[in-house]
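Peer 1: I'd like to ask some things about the structure below.
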Amino acid sequence: MSGRTVSSAILILVLGSFFATLCDVFIKMAGVDVAIFQFTFFRAVFMCLILCPIAVAKYLRSPRSMATLGLKWHFIRGNIWVLAAVLLVISLAELPLATANAVFYTAPILIMLFGSFFYKERLTMDVVLAAVLGFIGTLVILRPTEVTFAMISAILFAVVLAANSLLIKKLPQEQSMLYGLFVTQFFALPLAGGLAFWEGETFEIEILIYAAVSSICSILYSVSCLIGYRYVASSKVTSAEYSGLIFAFLLGWWVFGETPDLGVFIGSLFVITPLLYLSHRDIRRLKKEQLMSNTRSNLGAG
Numbered sequence: 078m079s080g081r082t083v084s085s086a087i088l089i090l091v092l093g094s095f096f097a098t099l100c101d102v103f104i105k106m107a108g109v110d111v112a113i114f115q116f117t118f119f120r121a122v123f124m125c126l127i128l129c130p131i132a133v134a135k136y137l138r139s140p141r142s143m144a145t146l147g148l149k150w151h152f153i154r155g156n157i158w159v160l161a162a163v164l165l166v167i168s169l170a171e172l173p174l175a176t177a178n179a180v181f182y183t184a185p186i187l188i189m190l191f192g193s194f195f196y197k198e199r200l201t202m203d204v205v206l207a208a209v210l211g212f213i214g215t216l217v218i219l220r221p222t223e224v225t226f227a228m229i230s231a232i233l234f235a236v237v238l239a240a241n242s243l244l245i246k247k248l249p250q251e252q253s254m255l256y257g258l259f260v261t262q263f264f265a266l267p268l269a270g271g272l273a274f275w276e277g278e279t280f281e282i283e284i285l286i287y288a289a290v291s292s293i294c295s296i297l298y299s300v301s302c303l304i305g306y307r308y309v310a311s312s313k314v315t316s317a318e319y320s321g322l323i324f325a326f327l328l329g330w331w332v333f334g335e336t337p338d339l340g341v342f343i344g345s346l347f348v349i350t351p352l353l354y355l356s357h358r359d360i361r362r363l364k365k366e367q368l369m370s371n372t373r374s375n376l377g378a379g
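Residue numbers (the working numbering): 78 to 379.
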């Protein structure tokens with residue numbers, strides 16, 4: 078699977094979505110009573126340990142000046158990652174896997190909204206409608222007769238994830254993604270370690286196991302995105318990532334015995350359908366532009 082064709086890129090992204098959902102499964106398996114800050118710290122530690130050999134290899138092959146590029150943004154993203162990781166643990170501990178993931182999938186909509194505000198990207202009525210439907214879908218999924226901390230955490234996680242994703246635009250494009258991921262996680266260690274020390278919970282070997290396995294799954298997801306989006310236009314394959322919601326339904330039922338009700342299915346449609354439409358719209362636009370470009374080339378050649 079090279080990722081050079083649309084079909085192989087889609088397959089890689091589907092596998093990546095599976096690993097992302099599997100990461101959520103292991104986080105949820107850590108349990109309601111897990112030491113949240115300690116767990117987050119160990120996740121950052123394991124990600125650094127796994128990525129360290131790759132980062133060193135990239136460092137030795139690249140100019141020394143490349144290693145220090147974008148440190149400010151890596152530092153900011155690393156500390157935001159700690160907040161996102163904490164919110165993720167809280168929401169997954171209380172909410173069913175499918176419910177939490179359905180709320181998480183509002184992040185792409187928030188990215189588009191934040192992009193129009195912070196980067197002055199064009200905001201169309203389609204995007205506004207997608208945002209409104211996504212908000213309605215979130216309400217249908219959660220059905221908040223009473224507001225719980227887990228519900229708030231799931232929504233805040235989507236917001237923080239969207240903000241951190243937008244900051245990727247600030248990172249130097251010539252820098253390796255995996256090297257950048259290592260630096261980001263390295264900068265997350267002081268805050269995560271300080272919070273774990275302040276938490277003062279006793280060490281449990283189970284936390285170490287779940288943190289290690291979830292970190293591996295998280296890195297595999299990042300690698301799949303790196304390969305899946307490298308050679309193919311993102312608009313042609315991005316809808317493959319929504320397969321993660323299907324995996325959340327299946328793994329939630331298989332591992333935790335959770336049976337999503339009709340409200341979760343309907344709410345998920347409100348969230349995912351507009352995103353699929355926007356992706357399909359971009360594909361049509363790219364095809365139209367390509368056709369016009371080919372027509373001009375043929376006219377010029379004639």
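Beta carbons: idealized from backbone N, C-alpha and C, even for Gly.
For residue 231, which of 184, 194 and 291 has the nearest alpha-carbon?
Peer 2: Translated into positions along the sequence shown, residue 231 becomes position 154. Closest by alpha carbon: 184.
Peer 1: Could you tell me the alpha carbon to alpha carbon distance between residue 175 and residue 149, rounded to whole angstroms?
Peer 2: Here the question's residue 175 lines up with position 98 in the sequence shown. Here the question's residue 149 lines up with position 72 in the sequence shown. Cα-Cα distance, rounded: 35 Å.
Peer 1: Can you list, in chain order, the residues of its chain with a C-beta nearer than 7 Å to that of residue 324? Leave out the 5 residues immediately preceding and following it.
Peer 2: Translated into positions along the sequence shown, residue 324 becomes position 247. Same-chain partners within the cutoff: 94, 95 and 98.
Peer 1: Assuming residue 161 contacts residue 241 (C-beta within less than 8 Å), just tell me the rounded distance between them.
Peer 2: Here residue 161 corresponds to residue number 84 of the sequence shown, with the count starting at 1. Here residue 241 corresponds to residue number 164 of the sequence shown, with the count starting at 1. Between residue 241 and residue 161 the Cβ distance is about 6 Å, and since that is below 8 Å, they are a contact.
Peer 1: Work out the CA separation of residue 322 and residue 328 for me, nearest whole Å.
Peer 2: Position 251 of the sequence shown, counted from the first residue, corresponds to residue 328. Position 245 of the sequence shown, counted from the first residue, corresponds to residue 322. Going by the C-alpha atoms only, they are around 10 Å apart.
Peer 1: Straight-line CA distance for residue 252 to residue 301?
Peer 2: Counting from one through the sequence shown, the residue named residue 252 turns up at place 175. Counting from one through the sequence shown, the residue named residue 301 turns up at place 224. Rounded to whole angstroms, residue 252 to residue 301 spans 17 Å at the Cα level.
Peer 1: Go ahead and label residue 109 buried or exposed: buried means 16 or more other beta carbons lie within 10 angstroms of its beta carbon, across all protein chains shown.
Peer 2: Translated into positions along the sequence shown, residue 109 becomes position 32. With fewer than 16 other Cβ atoms within 10 Å, it is exposed.
Peer 1: Using only alpha-carbon positions, find the residue among 326, 248 and 226 that is nearest to residue 342.
Peer 2: Translated into the one-based positions of the sequence shown, residue 342 becomes position 265. Taking only the C-alpha atoms, the option nearest residue 342 is 326.
Peer 1: Among the residues of its own chain, which have a CB less than 7 Å from the CB of residue 208, if the five just before and after it don't count?
Peer 2: One-based indexing of the sequence shown puts residue 208 at position 131. The answer, listed in chain order, is 186 and 190.
Peer 1: Helix, strand or coil: how does DSSP classify residue 101 here?
Peer 2: The count along the sequence shown starts at 1 and reaches residue 101 at position 24. Residue 101 falls in the helix class under three-state DSSP.
Peer 1: For residue 204 and residue 85, what's the separation of their Cα atoms in angstroms?
Peer 2: The residue labelled residue 204 in the question sits at position 127 within the sequence shown. The residue labelled residue 85 in the question sits at position 8 within the sequence shown. Whole-angstrom Cα-Cα distance: 29 Å.
Peer 1: Taking the alpha helix (DSSP H) that residue 337 falls in, what are its first and last residues?
Peer 2: On the sequence shown, position 260 is the one that residue 337 refers to. From DSSP, residue 337 is part of no alpha helix (DSSP H); its letter is neither H nor E.
Peer 1: I need the DSSP call for residue 172, collapsed to helix, strand or coil.
Peer 2: Here residue 172 refers to the residue found at position 95 when the sequence shown is read from its first residue. DSSP places residue 172 in coil when its eight states are reduced to three.
Peer 1: Taking the straight line between their C-alpha atoms, what separation do you get for residue 260 and residue 113?
Peer 2: As a working note, residue 260 is residue 183 in the sequence shown. As a working note, residue 113 is residue 36 in the sequence shown. Distance between the alpha carbons of residue 260 and residue 113: 22 Å.
Peer 1: Short check: CB of residue 269 to CB of residue 159, under 7 Å?
Peer 2: For the purposes of this step, residue 269 is identified with residue 192 of the sequence shown, where counting begins at 1. For the purposes of this step, residue 159 is identified with residue 82 of the sequence shown, where counting begins at 1. For residue 269 and residue 159, yes; Cβs fall inside 7 Å.
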